[in-house]
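Those sequence lines, one after another, are chains A and B.
Mapping of the first sequence onto numbering that gives the first Met the number 0: position 2 corresponds to residue 1, and the numbering continues sequentially without gaps.
Mapping of the second sequence onto numbering that gives the first Met the number 0: position 517 corresponds to residue 516, and the numbering continues sequentially without gaps.
No residue lacks a Cβ here, since even glycine has one placed at the ideal position from N, Cα and C.
These notes are about the structure you will find just below.
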Amino acid sequence: MDTPLDQLHPRQTAEIQSIQAEREFSRRLFALGLRPGQLIRVLRSGPLKGPLHIRVGHTDVMIRRQDARRIQVRLAPQT
Amino acid sequence: MPNTGKSTLFNRLTGAAARIGNWPGITVDLLSAKVLLAGAMVEVVDLPGIYNLHGFSDDEMVVRRFLETQAVNGLVVVLNATQLDRQLSLALQLKRLGLPLVVLLNMVDEAKRLGIRVDTEALARSLGAEVALLSAKYGQGFERVRGLVENLLRRHPAAQHGHAEAFREDEDIEAELASLVAQSVHAPALLDDARVQALDRWLLHPWLGLPLFFGAMFLLFQLVYGVGTPLQDLMEWLLVHFQSLALDPLLAGAPPLLKSFVEDGLFNGVGTVLTFLPIIVVFFLFMAVVEDSGYLSRAAFLMDAVMARLGLDGRSFVMQLMGFGCNVPALMGTRVMRSRALRLLTMLVLPFSLCSARLQVFLFLTTAIFSPRAAPVVMFSLYLASIAIAFFTALLWRKRFQSHEPLLLELPPYRLPTLKQLVLQAWQQSGHFLKGASGFIVIGVMLVWLLTHLPVGVAPASAQSWAGAIADWMAPAFRPLGIDALQSIALLFGFVAKEVMIGALAVIYGVGEDALKAALAARMDWVSAYSFMLFTLIYTPCLSTVAVLKQESKSWAFTALAVAWPLALAWGISFAFYQTARALGF
Ligand SMILES: Nc1nc2c(ncn2[C@@H]2O[C@H](COP(=O)(O)OP(=O)(O)OP(=O)(O)O)[C@@H](O)[C@H]2O)c(=O)[nH]1
Ligand SMILES: [Mg+2]
Chain A
0 MDTPLDQLHP
10 RQTAEIQSIQ
20 AEREFSRRLF
30 ALGLRPGQLI
40 RVLRSGPLKG
50 PLHIRVGHTD
60 VMIRRQDARR
70 IQVRLAPQT
Chain B
0 MPNTGKSTLF
10 NRLTGAAARI
20 GNWPGITVDL
30 LSAKVLLAGA
40 MVEVVDLPGI
50 YNLHGFSDDE
60 MVVRRFLETQ
70 AVNGLVVVLN
80 ATQLDRQLSL
90 ALQLKRLGLP
100 LVVLLNMVDE
110 AKRLGIRVDT
120 EALARSLGAE
130 VALLSAKYGQ
140 GFERVRGLVE
150 NLLRRHPAAQ
160 HGHAEAFRED
170 EDIEAELASL
180 VAQSVHAPAL
190 LDDARVQALD
200 RWLLHPWLGL
210 PLFFGAMFLL
220 FQLVYGVGTP
230 LQDLMEWLLV
240 HFQSLALDPL
250 LAGAPPLLKS
260 FVEDGLFNGV
270 GTVLTFLPII
280 VVFFLFMAVV
290 EDSGYLSRAA
300 FLMDAVMARL
310 GLDGRSFVMQ
320 LMGFGCNVPA
330 LMGTRVMRSR
340 ALRLLTMLVL
350 PFSLCSARLQ
360 VFLFLTTAIF
370 SPRAAPVVMF
380 SLYLASIAIA
390 FFTALLWRKR
400 FQSHEPLLLE
410 LPPYRLPTLK
420 QLVLQAWQQS
430 GHFLKGASGF
440 IVIGVMLVWL
450 LTHLPVGVAP
460 ASAQSWAGAI
470 ADWMAPAFRP
480 LGIDALQSIA
490 LLFGFVAKEV
500 MIGALAVIYG
510 VGEDALKAAL
520 AARMDWVSAY
530 SFMLFTLIYT
540 PCLSTVAVLK
550 QESKSWAFTA
560 LAVAWPLALA
570 WGISFAFYQT
580 ARALGF
């Protein structure tokens, strides 16, 4: 089952399935390592419904919830 | 890519002192230096970091324009060896420019600690470029890198242009990147850094994070205060002895007007400002640690939700913090924002950042008027006021500058500057204070002396002097704020640069540092002093800021707004504060 990234709970790990974003933003996502097939983990969310702190590959990134919604992920089997 | 250590390498290679910090987007403009390489003087250019060849924010445009128009012998591409899984995409794009390349995998020290292994030969084959491991910060592999650059220069003595198609071609590099990473980088797919995680757990804590941030800020300013003030006293002591041992005997036979010009004008004015040098150096030492720590990005994370409600984002807050050093680089730092509206709104609020020049004025006044115990708290309240006023401005103007820029920001690992970096950075910034401001300061205090001592024969700074006449003319504006006529002259000069203000006051009252404190304490109570400080905090910081506002916004209308609004606000807030306090019987 695919879910939007902003639905993940802290410490959940998932694999990116698809990204719906305009070109400029998807290029920036790509440059920061967010591309289909990559593993992604939500570490925490910021205070006052703030952004998500995620780890994708070898990089820690912050992303706002409304932008995270555009990324579809599939939960990785618990290991 | 941003934040990979390009400027660190540039400094090591050329001996320059480019600004370094653990924040993507420290360098936002070209910086070049000449250095002897392979037997010839070569111009080395430090560029801002870019994510790809298609970006259009102002810092990325600087790079694009450079690559499109300038002929070069070759490119040195600096990548972060711990993040090759994404950073190699840039190398693949740059390869299409067809220019001679050297690809450096920087931060090997961190890569080694994290257990990342890179097959440089496989990479070199696939990229068709020299590839080397490097630690620009600690120097590992640097000699080899220099050798590679010299080789490149020998093999390609003529400068050439890159292929323009590289900018148009759309990326079909996904598959290429995946296979390149698979064959050359050996590391787990998700990389965990226990050290970073342990710190993040506390510093980014959902509800402890923000209090910790403000607590840390308060402690930091306490420290600057605690370390800086004794040094300031030392400097003062040195100056007093300089006057009694050298200056007084030297001027013993000089005509009184000349003696007054040199002692009451130049020496008092410049000397009083000079006593702040130690504290400014200490302040910038701490700033350098903060900028290199990686905490700035965390501050962006913590504050983003608040900033979003103001129509700004986490980066705007980081720029405000950077503005505590100097507003000018902070204004330039907004180049990383792609949305013009967001950028303009951020630039509108940045001049409220309490910069190091204003810090001097406030240090002086708080120690003159308040008790030693109250002074640091008053000082901190001004920092909070600075942030609050910026927020208030954003709140009022956000409708006019609406933006929807998606925010995606890297949170780099925590780092500490090396001692050498630290000293260099702090020296560079305070040197700027001395060099940049000294012209203003010297000219400023000379002008103030002339205004207060002319026409010839009047009592210094009396109502009959030119300064008195100007002050008289401005009095209706300043009297309701509790700011006395002569002090408004200092504010007039503060418009040019805040560094001049204390010097100007010293000349106006015709006394040196200690006596000036007494003179001010005699003329101001805490209400009028705080009103004066609020006005100083809020109105236009300096002419350089105005120039940069114009340069970066490319709009006279915006620049006019960015000057007029703070002036109006300064008057309004000081007025409200002063009248309320008086009405309450203080
Ligand atoms: N551990 C480690 N840190 C490094 C190394 N080189 C640079 N750094 C740190 O990485 C951060 C970024 O360095 P900069 O030289 O400012 O990076 P830059 O590529 O010029 O960054 P931008 O100008 O923002 O694009 C700083 O905190 C440096 O101290 C290195 O070899 N090892
Ligand atoms: Mg740089």
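- Separation of the CB atoms of proline 9/A and alanine 67/A is rounded to 13 Å, and the pair is thereby denied contact status at 8 Å.
- Between ligand 1 and glutamate 109/B, a heavy atom-to-CB distance of less than 7 Å is present.
- If you draw a straight line from the Cα of tyrosine 294/B to the Cα of tyrosine 413/B, it is about 7 Å long.
- Neighbourhood of valine 305/B in chain A, by CB distance below 9 Å: Pro46, Leu47 and Gly49, in chain order.
- Considering only Lys5/B, Phe65/B, Ile115/B and His240/B, the residue with the shortest C-alpha distance to histidine 160/B is Phe65/B.
- Ranked by Cα distance from arginine 314/B, the options Phe300/B, Cys325/B and Leu449/B are led by Phe300/B.
- Secondary structure note for glutamine 550/B: its alpha helix (DSSP H) is the uninterrupted segment 542-552.
- Within the region 63-83 of chain B, contact with chain A at the beta-carbon level (separation under 8 Å) is assigned to Thr81, Gln82 and Leu83.
- If you keep only unbroken beta strand (DSSP E) runs of at least 3 residues inside the region 397-431 of chain B, you get 407-409.
- For the region 28-59 of chain B, the set of residues with a beta-carbon nearer than 7 Å to any beta-carbon of chain A comprises Tyr50, Asn51 and His53, in chain order.
- With respect to the 8 Å criterion, glycine 48/B and glycine 332/B are not classified as neighbours on the basis of their beta carbons.
- Taking non-hydrogen atoms of ligand 1 into account, the C-beta of isoleucine 19/B is found less than 7 Å away from one of them.
- Residue burial annotation: tryptophan 201/B is exposed, with fewer than 16 other C-beta atoms found within 10 angstroms of its C-beta.
- Between valine 272/B and glycine 502/B, the C-beta gap is smaller than 8 Å, which places the two residues in contact.
- Between the alpha carbons of phenylalanine 260/B and leucine 230/B lies a distance of about 28 Å.
- For glycine 4/B, the distance from the CB to the nearest heavy atom of ligand 1 is below 7 Å.
- Looking at the DSSP output, isoleucine 18/A bridges to Ile70/A.
- Residue state for lysine 497/B is assigned as coil, using DSSP reduced to three classes.
- For valine 289/B, the closest of Phe323/B, Phe275/B and Gly430/B by C-alpha to C-alpha distance is Phe323/B.
- Look at valine 148/B here: in three-state DSSP terms it is helix.
- The C-beta separation of leucine 147/B from valine 77/B comes to about 13 Å, leaving the pair out of contact by the 8 Å criterion.
- Closer than 8 Å to the CB of phenylalanine 213/B there is not a single CB belonging to chain A.
- In the three-state reduction of the DSSP assignment, threonine 228/B falls in the helix class.
- Here glutamine 139/B carries a coil assignment [DSSP, helix/strand/coil].
- When Cβ-Cβ separations below 8 Å define contact, threonine 58/A makes contact with chain B.
- Threonine 2/A: not part of any alpha helix (DSSP H); member of the beta strand (DSSP E) spanning 1-3, first to last residue.
- Contact between the region 122-131 of chain B and the region 176-187 of chain B is established, with three or more Cβ pairs separated by less than 8 Å.
- The beta carbon of isoleucine 25/B sits closer than 7 Å to at least one heavy atom of ligand 2.
- The beta carbon of leucine 38/A sits closer than 8 Å to some beta carbon of chain B.
- The beta-carbon distance between histidine 162/B and leucine 96/B, rounded to whole angstroms, is 6 Å. This is short enough to meet the 8 Å contact definition.
- Phenylalanine 576/B has its alpha-carbon roughly 19 Å from the corresponding atom of threonine 539/B.
- Residue burial annotation: methionine 106/B is buried, with at least 16 other C-beta atoms found within 10 angstroms of its C-beta.
- Counted as a single uninterrupted DSSP element, the alpha helix (DSSP H) harbouring asparagine 267/B occupies residues 267-273.
- Residues of the same chain with a CB within less than 6 Å of the CB of tryptophan 465/B, apart from the 5 flanking positions on each side, are Leu450 and Leu453 in chain order.
- In the structure shown, leucine 433/B falls within a helical segment according to DSSP collapsed to helix, strand and coil.
- With a threshold of 7 Å, the Cβ atom of aspartate 524/B does not count as near ligand 2, since no heavy atom of the ligand is closer than that.
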